[in-house]
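Since the structure comes first, as structure tokens, the remarks are kept for the end.
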Amino acid sequence: MLSPTTQLRNEAPVTYYVFDVLALDGKSTTGLPHLRRRTELDDLALSGPRLQVPPYWTDVDGEQMLDLARRHHPEGAVA
485 MLSPTTQLRN
495 EAPVTYYVFD
505 VLALDGKSTT
515 GLPHLRRRTE
525 LDDLALSGPR
535 LQVPPYWTDV
545 DGEQMLDLAR
555 RHHPEGAVA
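Residues 485 to 563, numbered by this note's numbering, are exactly what the sequence shown covers, in order.
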């Protein structure tokens, strides 16, 4: 497998966004409810300069989220 050069990594840094955990400790988590998987993901306390776990909300309805998106122009949304 080829690896990017140092120059390429400096010119085009990549950040990995983690939205879900599909397996943990060698066991599938896909049968668990999404909020439980999200709790498991948060419990991993992942962090790093090129690793992000985006925030999520459970107390905001769809209309409120659309309004926020219209006002703040995020790159995207995962629903």
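Backbone N, C-alpha and C define an ideal beta-carbon position, used for all residues, glycine too.
Within 8 Å, strictly: CB atoms of residue i and residue j
i    : j    : result
Y501 : P538 : yes
P497 : R534 : yes
Y540 : R521 : no
F503 : V544 : no
With 16 other Cβ atoms within 10 Å as the buried cut-off, status of residue i
i    : result
V505 : buried
Local conformation of residue i per DSSP, three classes
i    : result
A507 : strand
G532 : strand
Whole-Å CB distance - residue i paired with residue j, under 8 Å assumed
i    : j    : result
D513 : E524 : Just to set this straight, residue 513 is Thr in the shown sequence, not Asp. About 6 Å separates the two Cβ atoms, so the contact holds.
Residue i CB to nearest heavy atom of the ligand NAD below 7 Å
i    : result
Y500 : Among the ligands in the structure shown, none appear at all, so the ligand NAD cannot be discussed.
Report task. Would you list, in sequence order, the uninterrupted alpha helix (DSSP H) runs of no fewer than 4 residues that lie entirely inside the region 534-563? Result -> 546-556
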